[in-house]
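A.B. asks: Letter by letter, the sequence shown follows residues 32 to 232 of the numbering used here.
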Amino acid sequence: MLESYLTGLVVCGGIIVAIGAQNAYILSQAIRREHHWWSAGICMVADVTLFTLGMFGVSAALMAMPEALELLRWLGVAFLGWLAVQAFYRASRGRVALEAGEFTKRSLKGVLFTTLAVTLLNPQVYLDTLLLIPAVGAQQENATTFVAGASSASILWFGLVAWGGSALAPVLSRPTAWRLIDGVIGLMMAGIALQLAFSGL
């Protein structure tokens, strides 16, 4: 059982770290200190739910409906592209300009909606949580313990991103650092969108 748990923890931890869109968005929210724990919580709940569904056979249904993944692919391209444009716009104006004008905290509802969109409109999330991870879990001695390990990895990682971004906010919120972070976030979002558009799934 312990081996299954550790396998889930390590394998899923590596996969979660590689899903850049969620990480970049939560980090930006944490630096802004803008409902970042709610965003992290949404990602945790989504991962735990998808891990569990994947282990119970939803992956087979997903493979039987490739058109659903194709639709998600292009929705993801459009949404991630929009987030990239927003990040580049913020980077071009700089933090000072935002504070003087449009930088006002968004509502919790708006943040939750965007977090759900970043999570659910990225087809890579489904491929990882519903296909790849269950494929590894199926080889484990105890599937339930494997899911527990995978869920622990998600909770630990997103908690770390939310806490770390908030703790470093005084340093990372400086005008130059903020522009650099927004620029990197924009590049990550644009890169993922272009990869989805030209390389497919």
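Even for Gly, the Cβ is constructed at its ideal location relative to N, Cα and C.
Where do the N-terminal and C-terminal ends of the alpha helix (DSSP H) with residue 190 fall, by residue?
C.D. replies: Where residue 190 is concerned, the enclosing alpha helix (DSSP H) stretches over 174-198.
A.B. asks: Curious, which full-length alpha helix (DSSP H) runs of at least 4 residues does the region 59-89 contain?
C.D. replies: Runs of the alpha helix (DSSP H) inside the region 59-89: 67-84.
A.B. asks: Hey, residue 116 and residue 53: beta-carbon distance below 7 Å or not?
C.D. replies: No. Outside cutoff.
A.B. asks: Considering only C-alpha positions, which residue in the set 98, 138, 119 and 189 is nearest to residue 47?
C.D. replies: The residue with the shortest Cα to Cα distance from residue 47 is 189.
A.B. asks: If we ignore side chains and look at the alpha-carbon of each, how far apart do residue 218 and residue 145 end up?
C.D. replies: Whole-angstrom Cα-Cα distance: 18 Å.
A.B. asks: I need the straight-line Cα distance from residue 199 to residue 62, nearest angstrom please.
C.D. replies: Approximately 7 Å between the Cα atoms of the pair.
A.B. asks: Helix, strand or coil: how does DSSP classify residue 153 here?
C.D. replies: Three-state result, residue 153: coil.
A.B. asks: On a Cα-Cα basis, can you pick out the residue from 124, 153, 168 and 118 that is closest to residue 38?
C.D. replies: Measuring from the Cα of residue 38, the nearest candidate turns out to be 168.
A.B. asks: Whose C-alpha, out of 155, 212, 229 and 224, is nearest the C-alpha of residue 119?
C.D. replies: Checked all of 155, 212, 229 and 224; the closest Cα to residue 119 is 212.
A.B. asks: Can you tell me which of 34, 174, 36 and 65 puts its alpha carbon nearest to the alpha carbon of residue 194?
C.D. replies: Of the listed residues, the one whose Cα sits closest to residue 194 is 65.
A.B. asks: Please report the residue range of the alpha helix (DSSP H) in which residue 218 lies.
C.D. replies: Element bounds for residue 218: 206-230.
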